[in-house]
Each structure stands twice: as structure tokens, then as C-alpha cells.
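Comments concern the structure below.
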Amino acid sequence: MIRHARRKISVLVAAALLALSVAACGDGDDDSSTQELKPGQKVTLEFWSWVPGIDKAVDLWNSENPDVQVKLSTITVGTSGGYAKMYSALEAGNAPDLAQVEYQELPSFLLADGVEEITQYGASDDADKFVDWQWEQVSFGDEVYAIPQASGPMAMFYRQDLFDKWGIEPPTTWTEYEAAAREIREHGAYIGTFPPGNSAWFTALAWQAGARWFGTDGDDWTVDIDNEATRKVAEFWQRLIDEDLVKTEPDFANGWYKDLQEGQIVGWVSAQWGDAILRGNAPKTAGNWRVAPMPQWDDASEFASANWGGSSTALLKGADYPEEALDFAVWLNTDLEAVDLLIQGGYGWPAASDAFSGSVLDRADPFFGGQRYNEVFADADEHIDKSWQWIPTTSQTYEHLNDGFQAAIEGDGTFVDAVEQAQGLTIDDLEKKGLPVAGE
4 MIRHARRKIS
14 VLVAAALLAL
24 SVAACGDGDD
34 DSSTQELKPG
44 QKVTLEFWSW
54 VPGIDKAVDL
64 WNSENPDVQV
74 KLSTITVGTS
84 GGYAKMYSAL
94 EAGNAPDLAQ
104 VEYQELPSFL
114 LADGVEEITQ
124 YGASDDADKF
134 VDWQWEQVSF
144 GDEVYAIPQA
154 SGPMAMFYRQ
164 DLFDKWGIEP
174 PTTWTEYEAA
184 AREIREHGAY
194 IGTFPPGNSA
204 WFTALAWQAG
214 ARWFGTDGDD
224 WTVDIDNEAT
234 RKVAEFWQRL
244 IDEDLVKTEP
254 DFANGWYKDL
264 QEGQIVGWVS
274 AQWGDAILRG
284 NAPKTAGNWR
294 VAPMPQWDDA
304 SEFASANWGG
314 SSTALLKGAD
324 YPEEALDFAV
334 WLNTDLEAVD
344 LLIQGGYGWP
354 AASDAFSGSV
364 LDRADPFFGG
374 QRYNEVFADA
384 DEHIDKSWQW
394 IPTTSQTYEH
404 LNDGFQAAIE
414 GDGTFVDAVE
424 QAQGLTIDDL
434 EKKGLPVAGE
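Going by our numbering, the letters in the sequence shown line up with residues 4 to 443, in that order.
Following this line, the structure appears as C-alpha cells:
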């Protein structure tokens, strides 16, 4: 069923690509030709990424592969300008050979004809090296457009020292989370923040609640953001904000880091890569943090986690040496030493199959009081609904939600209104790109 749906997505994107490319026919020479490496020839591949610590893995490759060197350029995170830079480079005909592309952005790159289809270079031969559901994130039908790198299974980071001091147990349900938030406020702190400008986080919470925002119906796209599960999540956080039980400051900002360091925020429902954020920005709290499973909406149902984040290593259109670029992309995301270097940088949960056992993830950690905390994330990774799909305009959907949430916090509407508005605006976005939407 999942593969069938993703084949439909491939067909729909391809149809849109054909429609958009008709006007471009005859615009100039085809610069997509590739070159074959001659014996003894040395080449340099250009790679754009924002992943922390990836430079160490690139250095390792370069030390072991003198004939195929990789030049790394560090760019801003995709949604903060990195993707705009990639699209500009593609339009100008000087894009890098490889680039960091998040899973939710791949359909947009397909629509722009910005990534190489790499099955022709043998990518399918490497499928069994990766976790099935992450391989599905880079595959559309029988075609592969990137090499999976990492995902973001979610759990709850919490300050055990303060929870113990106040007699609070880590919540196992969202009802208990709200109750814990009330108790924590009595001590002048907050259990967390609702970041109004980070709707990717909200999307993950809706994912966990059972929402399915995007899909296909025949030859049409489907959009179902304004659904019961998503409204439930929106109403929950609206209530916590209205009753001053959580902050509304931006995450990954100086004020938020200060609150984590000083114990003003004592919990964070986040992805596994959040461990590096805590280490780097709240070092004085070392030994006090623990990890508990993500709170559940219904403790009688099967345990459900969610995914926040996830990236691939993609070959951008026009790569001169695609086979060598593919070799590097596969090595980067499967070589055990390279993966360990990426883990230490905080890149996320490995896409490589069986990467947890025996890696730096599989050990007790002093920052988390000796807890083998990644065992919690390993279990979370097994309980993510793998059927979630993305559309070619996901980034615009995030912007619509961000705008709506910020307006609601400022007193203009509610979170439910923001969800409803995002539904309509997302449909508009797809139709403006010539993509048919069911029911419209």
C-alpha cells in the first residue's frame, strides 16, 4: 500500500514536471551530460551541507580516497536559506554535485527537476543497507532520488533532578503532561515551550496523534490538515498556552537556551538529535537530564511515536561524476566510522540498518546520568507510522502554520483557525503549481 501510494506520487510529480518543462524546450543546450572517470584521473566533488560534524566524515573520506576528493561547503539549514541557494545554483547551471536535502523537501526538488534519478547508477543495489521506511522516503515508485541519511524519532527529555525534587513523575500520557505542567508552574518553571515559528515540530505531534495530512486519490493529491487528530493537538496546546502552562518563546534561540540552562524550562519533547542541542547549550546541566518515551494520547492503544526531521544526501541535477558521487553518498551514510562521526556531531538517527547496536549510540551517557537513553529512541523508531507522505509544497504549508500560530499567540484567532487556514492555503499552493487536488 505504501509503495503503491508513493508510485502514485512519482507519477503525479512526473506529470507536473512534463507540463512545466514544455515551455523550456529549445531553451539551450542540455547540460545534464555526465563524464566517465578515466584511469588515474583525479576529481573533486562539491558537497553542500549544514549537518554538524559532517566535516570530520568528509575528511575521513578524503584521507582514504585520494583520487575522488570531496569539497564541503557549509550552508545554512535548508529552510533558512540553504534551499533557496540550491535552487538558484540549479537555475544558473552551477549546482554542487551533492547536497543535503530533507525528506519533506524531496518532492519539491523533483518538481523542479533538481535531483538526479540514481537508480540508473545502481542505487537500488544499496537498498538493503538502509532502514526500510527511510529508503521509502527517497524512493518514488521504482525510482530513487537520494541516499537516506537520518531521521528524528521522538521522546521526552526532562530534568530528573527537578522532577525528583518536586515529586513529579515523567508523564506517560498527554493528560499527565498537562498535570505535570501545572505542578511545575507552581515551582516557577515551565515543562516546555510551544515554538510558534517551528511548525515542523507541530507536524510531528499531529503525526503521532494519527493525522495523515497528504496523500493521493487516483491522479489527484489529497490534503487533510484540518482533521480531528490535528485539531485535538491544536486545542491541547492552545489550552496550555491560555493557562500559562508552557512558554511560547522560539526554540533554538538564546532565550530558550538560557531557560534550559537555568532550569526555567525542564522538559522538551523532541527528536533524538536534541541530545546534542542540550549538551552544547546547557552544559551546566550535565548529569541531570533523562529521556522518557513520548507521552501518549491513549494509554490503552498501541504505543506511538513520531518523527521530527530527517535528511538525505542527494545528487543534484547535472552532477559530472554521478557514479563517484553515489559511491560517496552511500559510504557517508553506511560506513561505521563515518556514521559514528555523524552521530557525535548530532546529525540524527542513522538511516543505515543495524547502526544502533555497537555504535556510539549504544552506550551509557554521563550527560544523561549514565542512562542508556538511546534505547528509548531505538524503541521510538520502531513505532513511527511509516505511511506519512509529503507534497511538493510542504515548506509553504509550514509557513502558513507558522503565520497562523504566531497570529493566535498575539490574540488574532486560535490554533484551530491556523490549522483550518493552512488547509485552504495548501490546496491553493498545489493548484498554483498545476497539481490537481481531490475535491477541488
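For glycine and all other residues, C-beta sits at the position ideal for the given N, C-alpha and C.
Less than 8 Å between C-beta atoms, sequence neighbours within five positions excluded: which residues of the same chain meet that for residue i?
i      : result
Arg9   : Residue placement at Arg9 cannot be trusted, given a pLDDT of 49 that sits under 50; what the coordinates show is reported in the next sentence. Same-chain partners within the cutoff: Glu139, Ser142, Phe143, Gly144, Gln392.
Thr417 : Ala237, Gln241, Ala411
Trp276 : Ala153, Gly155, Gly312, Gly349, Tyr350, Gly351, Trp352
Asp34  : Note on Asp34: pLDDT 42, under 50, position unreliable in the model; the coordinate value appears next. Cβ neighbours of Asp34 beyond the five flanking positions: Gly96, Gly321.
Leu243 : Glu181, Ala184, Phe197, Val249
Glu305 : His386
Phe239 : Trp177, Glu181
Kindly list the residues whose CB is nearer than 7 Å to the CB of residue i, restricted to its own chain and excluding five residues on each side of it in sequence; keep chain order.
i      : result
Asp223 : Pro439, Val440, Ala441
Ser127 : Val147
Thr196 : Val249, Lys250, Thr251, Glu252, Asp254, Trp259, Ile268
Ala358 : Val342
Val363 : Asp343, Ile346, Gln347
Ala130 : Trp138
Ala149 : Val104, Leu109, Val118, Val141, Ser315, Thr316, Ala317
Glu413 : none
Glu179 : Pro298
Using 10 angstroms around the beta-carbon of residue i, count the other beta-carbons present and answer buried if the total reaches 16, otherwise exposed.
i      : result
Ser66  : exposed
Lys444 : Any property of residue 444 remains undetermined from this structure, which presents the chain solely from 4 to 443.
Gln163 : buried
Thr79  : exposed
Val342 : buried
Val54  : buried
Pro69  : exposed
Ser314 : buried
Glu108 : buried
Trp257 : Checking the sequence shown, residue 257 turns out to be Asn, not Trp. Per the 10 Å Cβ criterion, exposed.
Glu94  : exposed
Leu433 : buried
Arg190 : Per the sequence shown, residue 190 should be read as His rather than Arg. Under this definition His190 is an exposed residue.
So if DSSP puts residue i in a beta bridge, which residue, or which two residues, is it bridged to?
i      : result
Lys250 : Thr196
Gly218 : Thr225
Arg293 : Tyr161
Asp368 : Gln374
Gly313 : Ser154
Phe143 : Glu146
Phe472 : Given that the chain is displayed from residue 4 to residue 443, the structure contains no residue 472 and the question cannot be resolved.
Lys74  : Glu49
Val118 : Leu319
Ala102 : Trp51, Ala317
Once you ignore the five residues that flank residue i on each side, which residues in its own chain have a CB closer than 6 Å to its CB?
i      : result
Ala214 : Asn230, Ala232, Thr233
Gly290 : Gly372
Asp388 : none
Trp210 : Ala309, Trp391
With the cut-off set at 8 Å, would you say residue i and residue j are in Cβ contact?
i      : j      : result
Pro199 : Phe370 : no
Gln347 : Gly56  : yes
Val46  : Glu327 : yes
Phe380 : Ser273 : no
Trp317 : Leu101 : Sequence inspection shows Ala at residue 317; the Trp mentioned does not correspond to that position. Taking 8 Å as the Cβ cut-off, Ala317 and Leu101 qualify as a contacting pair.
Met297 : Ala425 : no
Pro110 : Ser76  : no
Lys436 : Leu113 : no
Gly266 : Ala212 : no
Trp216 : Trp300 : no
Phe50  : Val73  : yes
Ile187 : Trp169 : yes
Ile228 : Val419 : no
Ser202 : Tyr401 : yes
Asn336 : Pro151 : yes
If we count Cβ pairs, one from each stretch, closer than 8 Å, do we get three or more for the segment 267-285 versus the segment 319-330?
no
Tell me whether the segment 51-69 and the segment 352-365 touch, counting them as touching only if at least three CB pairs, one residue from each stretch, are closer than 8 Å.
no
With three or more beta-carbon pairs closer than 8 Å as the criterion, would you say the segment 293-310 touches the segment 194-211?
Cβ pair count under 8 Å is three or more, so yes.
With a threshold of 8 Å, are at least 3 pairs of Cβ atoms found where one atom belongs to the segment 385-403 and the other to the segment 428-436?
yes
Contact between the segment 247-264 and the segment 106-123: three or more CB pairs below 8 Å?
no
Should the segment 168-179 be called in touch with the segment 324-339, which here means at least 3 C-beta pairs below 8 Å?
Because the criterion of three Cβ pairs below 8 Å is not met, the segment 168-179 and the segment 324-339 do not touch.
Specify whether the segment 372-388 and the segment 81-90 touch according to this definition: at least 3 beta carbon pairs, one from each stretch, less than 8 Å apart.
No contact exists between the segment 372-388 and the segment 81-90.
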